[in-house]
Structure formats: C-alpha cells, structure tokens
Amino acid sequence: MSEVLDASAVRESPSSSVPEGQNRPLPDAITHNDLIRAHGIAAFTMLLLAVTFGIVASLQFFLPELTSEIASWGRLRFAHTQGIMLGWLGNAFIAFLYLAVPVLSGRPVTSEKLGWFLFGLWNFGVLLPGWLLVLNGYSQPLEWAEFPLLVDAVMIGGLTLAAIQFLPPFFRRRFENLYVSSWYIIGGLVFSLMSFPMGNIVPEFIPGAAGAAFSGLWIHDAVGLFVTPMALAILYYVIPASTGRPVFSHFLSMLGFWGLFFLYPLNGTHHYIFSVIPMATQTIAILASTLLGLVVVVVVSNLILSQRGAGWLAKDPALRFASTSVLFYLIVSLQGSAQANMGFSETIHFTDYVIGHSHLAMLGFATFASIAGLLHAWQKMTDAPYHAGAINAAYWLTTIGIVVMVSDLTLAGLAQGDLWKSGAPWVVSLRASEPYWVIRTLSAIPVTAGFGLLCYGLLKGPRGAGARALAEAKATISQAGQSVTGESHQHPLKALRMSYIAASVAGVTFFILSVSLLGLLPRSALNDQIASLAPTASLELTASEHRGRQIYAREGCAYCHTQQIRFIEADIERFGAATLAWEDSMETPHMLGTRRIGPDLSRAANTRTDQWHLAHLFAPRSVVPRSIMPSYPEFFDGTPSKPRQEALDLVAYLNTLGRSRELAWPEGETAMRQAAGDDQWTLMSLDADELNAHPARTRPRGNAPSLRDQAPAREGRRLWAQNCEGCHGEDGAGDGPAAAWLQP
4 MSEVLDASAV RESPSSSVPE GQNRPLPDAI THNDLIRAHG IAAFTMLLLA VTFGIVASLQ
64 FFLPELTSEI ASWGRLRFAH TQGIMLGWLG NAFIAFLYLA VPVLSGRPVT SEKLGWFLFG
124 LWNFGVLLPG WLLVLNGYSQ PLEWAEFPLL VDAVMIGGLT LAAIQFLPPF FRRRFENLYV
184 SSWYIIGGLV FSLMSFPMGN IVPEFIPGAA GAAFSGLWIH DAVGLFVTPM ALAILYYVIP
244 ASTGRPVFSH FLSMLGFWGL FFLYPLNGTH HYIFSVIPMA TQTIAILAST LLGLVVVVVV
304 SNLILSQRGA GWLAKDPALR FASTSVLFYL IVSLQGSAQA NMGFSETIHF TDYVIGHSHL
364 AMLGFATFAS IAGLLHAWQK MTDAPYHAGA INAAYWLTTI GIVVMVSDLT LAGLAQGDLW
424 KSGAPWVVSL RASEPYWVIR TLSAIPVTAG FGLLCYGLLK GPRGAGARAL AEAKATISQA
484 GQSVTGESHQ HPLKALRMSY IAASVAGVTF FILSVSLLGL LPRSALNDQI ASLAPTASLE
544 LTASEHRGRQ IYAREGCAYC HTQQIRFIEA DIERFGAATL AWEDSMETPH MLGTRRIGPD
604 LSRAANTRTD QWHLAHLFAP RSVVPRSIMP SYPEFFDGTP SKPRQEALDL VAYLNTLGRS
664 RELAWPEGET AMRQAAGDDQ WTLMSLDADE LNAHPARTRP RGNAPSLRDQ APAREGRRLW
724 AQNCEGCHGE DGAGDGPAAA WLQP
C-alpha cells in the first residue's frame, strides 16, 4: 500500500529550509508505507537478535564455558557486529529513505517492485545467510567485515540496488535545490558502495600490514561513510520537521557536510598507531582525526541551534531521540580525535576504552538517530499504531543503559591500559576487569528492555496517535519561541549552487586520495621494507599449519589476541621485539587485530609444549586458573590426550607465530641492521633486549626475593595460584587439574 502526500505535507517537510528563492512547487510525493513497515520491523527484529548475540558474548567474559558446546565467542561477536551494522542500522536507514527521498526530491523512488527485491536481498540474501555462515565457521577475520566473500558479493549487489532505488529521484531534480539531508543521503549511498570493497575484499588478496592498511580504511569508513551520513541525514530531517522550523544555518550544514566527506576517508590508519604501517601514513590519519573533531563541532552546533524553542527535553519522542543522538555524536567524535593522539593511544589502544567508544557510536549516536527516523516515519503514517507511553519509557531505559555501559567500558579501558603499562602479569588485568565486565552485561538489561518497548510502541497502541503527538509537540514549540529565528532565507545563496557540483567532484577526489595515501603508498613502502629486510628464504606454511590458521581465523582468535607488537616500550618489554613488516608478509588476510583480551601471540612459537597447548584448548582454566578463554571440547575425543586433527592443526599454526624471526637470528638480525640504515623504527625492534619476552621462556632473572617476610610470601602464594597451580597442584604435589594430561 502507498500513501499520497499532499502539497502541504511537502511544504512542511525539511525541504522548506532551503533558501526561499529555491522553493518551487513540487509534485505529490509517494511514500511506500508497506516498505517502511517491512524494513522497520526487520530492523527491530535484527536489533533484538544482534543484541542477544552481544549479551551472550559479554556473559562469556565471566562465564567462559556458557556456549562452549554451541558457538564460540568469536563467532557470536561476528554475528553481533554485522547484525548491528547491516541488520539493524541498514534496515532502519532504508526504511527512513522511503519517507525522506520522495519528500526531499518531490519524486517517487525508482520502483516498488525493486524495493521488495531489495528488502529480500538485504535480509535473506545478506543477513540471514551471513549469520548462518559465521555461526557455522565460515567467515573472514576482518573488523566490521566478518561475513565471507560470497556474502560480500551479494552485499555489493544490495548497495548497488539501494543506489538505483534512491538516487534517481535526486538526479531528476535541480542540484541547487537539494536540502542538506539529500546530500548526506547521496554521499552515503555513493561512498558506501565505493568503500565497502576496500575492507571486505581487498585484504583477502593483499597480505600482512599492507592489507591491514586497506582494512583500516573500512573500519573507519564503515562508520564515517555509511553510518554517519545516513544518521546525519535523519537528524537534519527530523529536527526541523519536528520543530516546524528551518535548520539554524544552511551554510553551516553544507560546510559540515564538505568537511566530513573530505576528512573521514583520511582517518582509517589511526586504528594502527605505532604499528609497522609507515609513520607518515599514521601522521596523516592523526592530523585528519584532529581536524575532523573541529568539523563535528560545527555540525553539532548547527543541529543544537536548530532545536531552539524545543526546551531541554523535547516533548516529541522522535525529537528527543534525535537531540540525544546529537549529544552522543559530539562526545564520540571528540573521543575519536583524542584517541588518535599518540600519547593517549599508547595507553588505551586494544583496551575496553575503544569498545566503549564503538558502542557509543553504533548503539548511541547511530541507533538513537535511527530510532528518531523510524518514529518520525511512523508518525507520518496515519494508520500506524503508536504507543506514546511505551516509547517514552523506552527512551529513558535505553539512555540510562547506554550511558552506564559506555562509562563502565571507558573506566575499564583506563584501568587495563594502566596495568599493561605497569608490567603487571596479564592475569592481573583480567581480574581487575571482571567487575567492569559484569556491570557491562547488567547495563544491557535496560537497553534491551528499551528496545523491546520500542517494538511494542510501534506495533501496538492507537492508530494515528503518532501524528497527533507530533502536531501537539510542534504547537508547544511554536508557542514557546515565536521570536526566535534562524538564518535569513531572503537571499538565494547563489554562490552555493555551482559549489555543490564542485564539492561532489572534490569528495570523490579526496576518497581516491585517501585510498592512495592510506592504502597504495603504504603498500609500496612496506613492500620496499620487506624486500630489504626479509631473509632470503622463508618457511611457507605446511598444509596442517594452513588449516590451523583457518581455524584460528574462523573462531575469532584475532579478536582477543593481536599479532602485532607495537613500537612502544610497554609492548616490547612485555612481548619482545616489535613486529617488522616481513614477519607477516605472507599472511592473507592479515590478523594484526585491534583488541587484546588475551596477550599478543606474535611470538607464541616455542613458548609452550604441544601438550600444554592441547590441555589449554581443552580446559583453559586447568592450566591458567584465571583465564577467561573459552574451551574447545569439539576439537577432542573427550580428553586432551585424544586430540582430533583440528586441535593438532591449530597447535601447529600457533607454533609458526614468530618462527621466521627466531630462525633468522642471529645472522638475519645482523643483515637487517645493515639494511635498516637509520630507520629508527626498525632499529627499535632490532635493539630490543629480548626477541621473545614471553614469561614462559627460561632465562636468567636475577636473585629470587626472600620469602621469609609475610608480605612476599603472600604475593608468592598468589602468583603460584595464578600461574602454577593448574599443573602442579595447590601444594606442588603434581596433582593439578591438568597434571594428568601433561608429561614431566
């Protein structure tokens, strides 16, 4: 079913906030309400499923055996992240576009039949197959790109169909008449299609750190060129539509738009600060991240001033969610700029601080904007159910839950970073993190309840109540601030007309520039470094080791264990010499990782016996009592003494990590030093006191402290319980939980 909007509805839309001289009569616009409902219901269904995956994954931080017989932690995380971005946000954005595009362009979308085909492809060609595949072990270990290549190909088809569905209405309208939401929609559709292959396909064919450079582009562009443009399009639409007033400044709107699309693509490498990726590339990303924070202040200021007269707490729920989204956007963007600072990144990178940042971006800013868009779309459908009480309660529950969650993860990350820099044993950071992880899971309760109430509020309640609530809220705002005005619209701002086209060309140019500066040039520099430093002969993976690598990837091991020792003192002291480019030059796709729950594994080779690894895979807490690693009983026939081929393959792969660098010592180190010249980063790696600083390696450690004093004795007992008791037993009698599986 479709609804025909009359001309007054078009005039009351946000398109009325373009300069008055450009307001021309528009034909009736058609919004396909059935498609809005379908994508809206699909969005909330996917949201609840994705949140469930996330909650179950979070429970495993203190209940690590919760799903050991069903699905591993890594597989659940894959399903969680892709479900939030593509299932929830993707469907919510598309639902909103079916309202906004016809109103903003004055023309219908391309085809209702195409719309239903897109709905089926997005949900039954991408999301459901993607979930089934990753949960069954078919995935790729790339951040925000976990669905396998086959699903990626279908996703590119979905993005192409979305562009065909929603772009032509704008192209049939004069570009100088486009409102800023239109530009964000156009930019989001075009640049998402361009950037998606960068992180989902290219790293499958470019190995090592060079592939990570392209992966970094997508990690940031997924948010910067897909999520953010669509969310801002919603905010720039809903705020003036809910208040009945134009945006504060159309000029600031476009200034912010240009700044965001010019700078976002240049940010990607700030996810790999202090890595082997060339420092010049990292510096570009750091500078762009800092400038981006300033641009966001312009955007947020314009959006806040556009809410004049609405009060501190808007009466209309859609406007209230939009207002909170704006606040979250400011905080998360300034967070991102701060995290790109090298000094701060040294402490918080790989910690829960970054996880809190991503939750604020996706579950805070983007989710609240999407809810605002869906609520406004429901208000515009006169026959749609709308339960104001449930929606109001949902606002408070979700807001409180997300604020608690992000605050908790932020504090956890600061604590973790401080402990890592202190040199404390790794298990100390796990023990310190446990209370934060419990609070994080508990904070998901109000968030999930809020999402459930939103579903109820949009499926139950009086039909047409949303439209009445919106009208009442508009009347309240009008009475409260009649004297407040925004930017004068008496001038047509002719200078902007041709600049729109110029901005489009510049945007594409900057995207190409970002791929060159942050992708192609680093690859060239890394290839040169590999050619000069790599040993003349390197061992390739055997068939067993290659199978083990595939298991490591599919189980999400790279999401807990990095394979990059950064060029910072704390990493080198804890793990050993910093990772050089040639060490992972044959790894496709890369598994450098962006998170450390467990320690880095770049130097895992020859640090433990095969028996220890097998016992650790079968029952991690039998050998490391404080470990939170999930067990993998499916790799064994009931005991570590009877490993299946998968367990043997995985252990074989673990024994390759750092092997090439070990085999190159000492002659290779001497040759590398001669080839390095004055490269300070390479020399920093070569000058490390120890190539492998793993605590299990036997080495002189000086004189043991006296245990006669009570305090050292207690500390020794604690260290014994954390590191030795699993194998040797409580009293050192060789009767620990893992003793039966290990030979002396």
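My numbering numbers the first residue of the sequence shown as 4 and each following residue consecutively.
From the three backbone atoms N, C-alpha and C, an ideal C-beta is built for every residue, glycine too.
The closest CA to that of tryptophan 76, considering only Asn203, Leu138, Leu124, Val54, is found on Leu138. Residue state for arginine 443 is assigned as helix, using DSSP reduced to three classes. The secondary-structure analysis by DSSP pairs proline 646 across a beta bridge with Phe639.
Counting only the Cα atoms, glycine 133 lies some 32 Å from isoleucine 568.
Sixteen is the threshold: when 16 or more other Cβ atoms of the shown chains lie within 10 Å of the Cβ of aspartate 652, as they do, the residue is buried.
Excluding five sequence positions before and after phenylalanine 56, the CB atoms of its chain that fall closer than 7 Å to its own CB belong to Leu79, Ala82, His83, Gly86, given in chain order. A Cβ-Cβ separation of about 7 Å places leucine 400 in contact with leucine 456 under the 8 Å criterion. About 6 Å separates the Cβ atoms of leucine 130 and leucine 89, confirming a contact at the 8 Å cut-off.
Pairing lysine 318 with leucine 306, the inter-Cα distance amounts to about 17 Å. Going by beta carbons, isoleucine 97 and histidine 42 fall inside the 8 Å limit. Three or more Cβ pairs closer than 8 Å define a contact, and the stretch 562 to 577 falls short of that threshold against the stretch 197 to 205. About 4 Å separates the Cβ atoms of threonine 610 and histidine 697, confirming a contact at the 8 Å cut-off.
Annotation: threonine 113 to arginine 311 spans about 36 Å, alpha carbon to alpha carbon. Counting C-beta pairs with one atom in each stretch, the stretch 406 to 418 and the stretch 426 to 446 have three or more that are closer than 8 Å, which means they touch. Taken through DSSP and simplified to helix, strand or coil, arginine 466 comes out as strand.
Within the DSSP secondary-structure output, glycine 579 pairs in a beta bridge with Asn695. C-alpha of glycine 339 to C-alpha of glycine 219: approximately 14 Å in a straight line. The count of Cβ pairs closer than 8 Å, one atom from the stretch 202 to 213 and one from the stretch 333 to 350, stays below three, leaving the stretches out of contact. Threonine 34 sits in a strand when the DSSP states are folded into three classes. If you draw a straight line from the Cα of aspartate 355 to the Cα of cysteine 563, it comes to about 12 Å. Rounded to whole angstroms, asparagine 126 and phenylalanine 150 show a C-alpha spacing of 14 Å. Put simply, of Ser361, Leu337, Val329, Val250 the residue whose alpha carbon is nearest the alpha carbon of valine 226 is Ser361. Separation of the CB atoms of glycine 376 and phenylalanine 99 is rounded to 4 Å, and the pair is thereby assigned contact status at 8 Å. Look at the beta carbons and you see the stretch 243 to 251 not touching the stretch 628 to 645: under three pairs across the two are nearer than 8 Å. Within its own chain, the residues whose Cβ lies closer than 6 Å to the Cβ of alanine 622, once the five positions on either side in sequence are excluded, are Ser634, listed in chain order. Aspartate 603 places its beta carbon less than 8 Å from that of glutamine 566. Note on geometry: alpha-carbon atoms of leucine 337 and alanine 742 lie some 51 Å from one another.
Each residue's CA atom was taken as its position, placing serine 328 and tyrosine 141 some 35 Å apart.
Boundaries cannot be given for proline 206, as no alpha helix (DSSP H) includes it and DSSP labels it neither H nor E. As the crow flies, the alpha-carbon of arginine 598 is around 11 Å from that of glycine 559. Listed in chain order, the alpha helix (DSSP H) runs fully inside the stretch 163 to 239 are 171 to 174, 183 to 203, 211 to 224, counting runs of at least 4 residues.
Take glycine 732, set aside five residues on each side of it, and the residues of its chain with a beta-carbon closer than 6 Å to its own are Asp738, Gly739, in chain order. Approximately 5 Å separates the beta-carbon atoms of phenylalanine 251 and serine 309; this is inside 8 Å, confirming the contact. Beta bridge pairing from DSSP links proline 388 with Arg466. Proline 669 is classed as exposed because its beta carbon has fewer than 16 other beta carbons within 10 Å across all chains shown.
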